[in-house]
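Working notes for the structure below.
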Amino acid sequence: MSLDLSFAEQRRISTAGSITAEAGQVFTPRVAAILLASMLDLPDPKRLRILDPGAGTGILGAALVSLIREARPGTSVELVAVERDSRLIPALGETLHEVDSLANVSASIIEADYLLDESGLLGGHEALDDPFDLVIMNPPYSKLAAGAPERLALRQLGVEAPNLYAAFMALGLSQLRPGGQLVAIVPRSFMNGTYFESFRRFLLNRSALRRIHTFESRNTVFRDSGVLQESVIVTLEAGGKPGPVDIGVSLTNDPVPHHYTVDYEKVVLPTDVHKFIRIPDEHGEDIPADKTLAELGLSVATGRVVDFRARSYCLENSGDETVPLIYPGNFNSGVITWPRGMKRQKPQHFDARDDFSRKQVHAPGRYVVVKRFSAKEEPRRVVAAVWDGEGPVAFENKTNVIGPIPDAAVAIGLSIWLNSGPLDRLFRTFSGHTQVNAGDLRTLPIPDEDTLRKWGCDREPELLGQDEIDRIVTEEA
Ligand SMILES: C[S@@+](CC[C@H](N)C(=O)[O-])C[C@H]1O[C@@H](n2cnc3c(N)ncnc32)[C@H](O)[C@@H]1O
Numbered sequence: 003m004s005l006d007l008s009f010a011e012q013r014r015i016s017t018a019g020s021i022t023a024e025a026g027q028v029f030t031p032r033v034a035a036i037l038l039a040s041m042l043d044l045p046d047p048k049r050l051r052i053l054d055p056g057a058g059t060g061i062l063g064a065a066l067v068s069l070i071r072e073a074r075p076g077t078s079v080e081l082v083a084v085e086r087d088s089r090l091i092p093a094l095g096e097t098l099h100e101v102d103s104l105a106n107v108s109a110s111i112i113e114a115d116y117l118l119d120e121s122g123l124l125g126g127h128e129a130l131d132d133p134f135d136l137v138i139m140n141p142p143y144s145k146l147a148a149g150a151p152e153r154l155a156l157r158q159l160g161v162e163a164p165n166l167y168a169a170f171m172a173l174g175l176s177q178l179r180p181g182g183q184l185v186a187i188v189p190r191s192f193m194n195g196t197y198f199e200s201f202r203r204f205l206l207n208r209s210a211l212r213r214i215h216t217f218e219s220r221n222t223v224f225r226d227s228g229v230l231q232e233s234v235i236v237t238l239e240a241g242g243k244p245g246p247v248d249i250g251v252s253l254t255n256d257p258v259p260h261h262y263t264v265d266y267e268k269v270v271l272p273t274d275v276h277k278f279i280r281i282p283d284e285h286g287e288d289i290p291a292d293k294t295l296a297e298l299g300l301s302v303a304t305g306r307v308v309d310f311r312a313r314s315y316c317l318e319n320s321g322d323e324t325v326p327l328i329y330p331g332n333f334n335s336g337v338i339t340w341p342r343g344m345k346r347q348k349p350q351h352f353d354a355r356d357d358f359s360r361k362q363v364h365a366p367g368r369y370v371v372v373k374r375f376s377a378k379e380e381p382r383r384v385v386a387a388v389w390d391g392e393g394p395v396a397f398e399n400k401t402n403v404i405g406p407i408p409d410a411a412v413a414i415g416l417s418i419w420l421n422s423g424p425l426d427r428l429f430r431t432f433s434g435h436t437q438v439n440a441g442d443l444r445t446l447p448i449p450d451e452d453t454l455r456k457w458g459c460d461r462e463p464e465l466l467g468q469d470e471i472d473r474i475v476t477e478e479a
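Here this note's numbering is used: the first residue of the sequence shown is 3, the next is one more, and so on.
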């Protein structure tokens with residue numbers, strides 16, 4: 003017999019309405035709880051030990067036990083729920099009482115701080131000592147400062163956890179038996195960026211990523227809590243060997259998620275030194291690129307001029323010591339048009355008259371410049387253009403600057419690649435937002451120099467139509 007989760011759902015709703023939520027206290031709706039539980043491959047041993055850390059009102063553990071009861075009637079189940087907030091213990095107790103009344107199930111609550119107790123900082127609990135077969139969690143989300151006790155606790159495990167949810171996942175993973183699985187609904191932010199690099203390495207070294215579930219619309223999961231965080235659900239197998247990854251997508255207008263499988267190498271690119279976790283689209287196209295900008299000897303940096311901090315240096319008119327000042331507004335279909343003769347334009351000249359301003363100027367040369375922000379409605383996230391001026395030049399802070407690039411054909415080829423559809427789709431596999439940082443560009447796969455030169459040779463930097471760009475990078479590779 004399975005469990006009627008409607009009581010647990012009612013408890014979630016009334017509890018959420020009656021307490022003043024702490025940071026990161028968002029309770030999982032029943033449908034999402036069932037989805038999480040279904041993303042574990044149920045093993046078939048005689049006894050299963052399950053952990054629900056940060057259990058809240060207990061809906062996740064309840065959903066999983068209910069599923070096991072149905073699919074594996076002969077398996078006995080032990081559920082351990084850990085919760086720190088004493089206000090939630092009565093509701094959690096009621097849910098676990100319902101769980102406990104199922105045949106062959108025992109459920110217990112540990113009222114404790116999962117991170118500080120379980121890491122040993124506060125003492126530890128016997129019920130948490132033996133390894134678990136399954137961990138299910140919707141952990142709290144909140145940034146952890148470098149000196150936060152939770153962060154120090156996790157350092158003992160050998161991982162930097164910049165956020166509570168990462169700390170919960172790392173600890174949960176370390177409590178699994180080999181082959182045990184963890185499923186978590188968490189913000190997507192750990193999948194890229196440098197803050198989470200140590201955490202990603204920890205995850206990817208200790209487990210195999212089996213499933214990733216995404217939501218087409220940001221407010222699908224926590225609709226009634228007003229959370230607009232982009233969430234993903236991931237399933238990890240402790241000590242597993244990397245293999246194909248199942249990608250699930252909940253579409254806004256379809257109750258049945260869409261699934262496809264991609265190779266692990268498309269999720270974590272073998273060339274990626276920062277171990278970004280990407281969510282490739284279904285077609286997972288082959289890309290003609292396996293280098294990084296650094297391997298091509300090219301540096302990338304954010305434009306140095308922060309105009310509001312250097313107002314008196316950003317001028318409308320040229321002067322004796324001014325150099326061109328390049329803004330995103332100077333981008334013009336693959337080239338930088340300077341000066342830009344538009345009404346209400348940004349200042350086009352940067353006064354390099356003293357040490358302060360000279361430090362913000364780039365040496366003469368050819369650069370590929372990439373916008374740092376794109377509008378949501380722009381067709382591509384990555385927008386690049388070639389700067390090929392004579393003298394020194396200054397780039398405003400809303401640009402990223404790659405170079406200098408001595409070979410004109412390589413610069414044009416690089417601009418073609420960065421403006422291409424395949425690169426854009428690849429970028430979207432790891433970034434859900436419209437910002438393109440220098441760090442992102444450093445991790446992107448780039449074709450080798452010969453390929454870039456071939457693409458750029460005998461071509462002008464002015465961009466061709468999108469179809470032609472995409473034809474070049476797919477057919478001339
Ligand atoms: C995002 S809520 C999710 C609750 C529940 N798992 C669910 O899915 O509805 C996170 C829960 O973790 C609890 N929590 C936060 N920090 C904790 C800690 N250090 N130890 C144990 N529980 C914690 C919060 O009180 C909250 O109930």
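Using N, Cα and C, we set each Cβ at its ideal position, and we do this for glycine too.
Between PHE2 and VAL403, what straight-line distance do the alpha-carbon atoms span, to the nearest angstrom?
Nothing can be reported for residue 2: it is not among the residues displayed for the chain, which extend from 3 to 479.
So, do the segment 452–466 and the segment 311–331 have three or more beta carbon pairs nearer to each other than 8 Å?
no
Is the number of C-beta pairs between the segment 194–207 and the segment 276–291 that are closer than 8 Å three or more?
yes
Between the C-alpha atoms of LEU58 and TYR262, what's the straight-line distance to the nearest angstrom?
Numbered from 1 along the sequence shown, position 56 holds the residue referred to as residue 58. Numbered from 1 along the sequence shown, position 260 holds the residue referred to as residue 262. Here residue 58 turns out to be Gly, not Leu, going by the sequence shown. Cα to Cα, the separation comes out at about 32 Å.
Straight-line gap, GLY250 to PRO133 (C-alpha atoms, nearest Å)
Taking the first residue of the sequence shown as 1, we reach residue 250 at position 248. Taking the first residue of the sequence shown as 1, we reach residue 133 at position 131. If I take the Cα positions, the gap works out to 28 Å.
Output the distance between the C-alpha atoms of PRO282 and GLN468, rounded to the nearest integer angstrom.
By 1-based counting over the sequence shown, the position of residue 282 is 280. By 1-based counting over the sequence shown, the position of residue 468 is 466. So the alpha carbons of these two residues sit roughly 21 Å apart.
Is ASN140 close to ligand 1? I mean its beta-carbon at under 7 Å from any heavy atom of the ligand.
As a first step, residue 140 must be located in the sequence shown, where it is residue number 138. Yes; taking the cut-off as 7 Å, the Cβ of ASN140 has a heavy atom of ligand 1 nearer than that.
Would you mind reading off the limits of the beta strand (DSSP E) that contains SER110?
Looking up residue 110 in the sequence shown gives position 108. From DSSP, the beta strand (DSSP E) with SER110 extends over 107–113.
Does the Cβ of ARG86 lie closer than 7 Å to at least one heavy atom of ligand 2?
This structure lacks ligand 2; its bound ligands are ligand 1.
Does the beta-carbon distance from GLY405 to VAL370 come in below 8 Å?
Residue numbering aside, residue 405 sits at position 403 when the sequence shown is read from its first letter. Residue numbering aside, residue 370 sits at position 368 when the sequence shown is read from its first letter. Yes. Within cutoff.
For VAL264, count the other beta carbons within 10 Å of its own beta carbon; 16 or more makes it buried, fewer makes it exposed. Which is it?
Along the sequence shown, read from residue 1 onward, the residue named residue 264 stands at position 262. The residue in question, VAL264, is buried, as its Cβ has 16 or more Cβ neighbours within 10 Å.
Under 8 Å between C-beta atoms of GLN177 and LEU53:
By 1-based counting over the sequence shown, the position of residue 177 is 175. By 1-based counting over the sequence shown, the position of residue 53 is 51. Result yes, Cβ atoms of GLN177 and LEU53 sit closer than 8 Å.
Since ARG473 and ILE414 are thought to touch, with beta carbons under 8 Å apart, how far apart are those beta carbons, to the nearest angstrom?
Locating residue 473 in the sequence shown gives position 471, counting from the first residue. Locating residue 414 in the sequence shown gives position 412, counting from the first residue. Not really, about 16 Å apart at Cβ, beyond 8 Å.
I'd like to know if the segment 433–445 and the segment 373–390 are in contact, where contact means that at least 3 CB-CB pairs between them fall below 8 Å.
yes
Residue range of the alpha helix (DSSP H) that SER209 falls in?
Here residue 209 is taken as the residue at index 207 of the sequence shown, counted from 1. Run containing SER209: none in the alpha helix (DSSP H); it sits in the beta strand (DSSP E), 209–217.
Separation of GLU120 from LEU130, as counted between CA atoms:
Stepping through the sequence shown from its first residue, residue 130 is reached at position 128. Stepping through the sequence shown from its first residue, residue 120 is reached at position 118. If you take the alpha carbons of LEU130 and GLU120, they lie about 7 Å apart.
Figure out for me which residue from LEU425, ARG71 and GLU11 has the closest Cα to the Cα of GLU80.
Position 78 of the sequence shown, counted from the start, is the residue given in the question as residue 80. Ranking the options by Cα distance to GLU80, first place goes to ARG71.
Spatial neighbours of VAL412 within its chain, please: C-beta separation below 7 Å, excluding the five flanking residues on both sides.
Walking along the sequence shown from the start, residue 412 turns up at place 410. Correct list, in chain order: GLU451, LEU454, ARG455 and GLY458.
Whose C-beta lies closer than 6 Å to the C-beta of ALA10 among residues of the same chain, with five residues either side of it excluded?
To locate residue 10, count along the sequence shown from 1; it is residue 8. ILE61, ALA64 and THR97, listed in sequence order.
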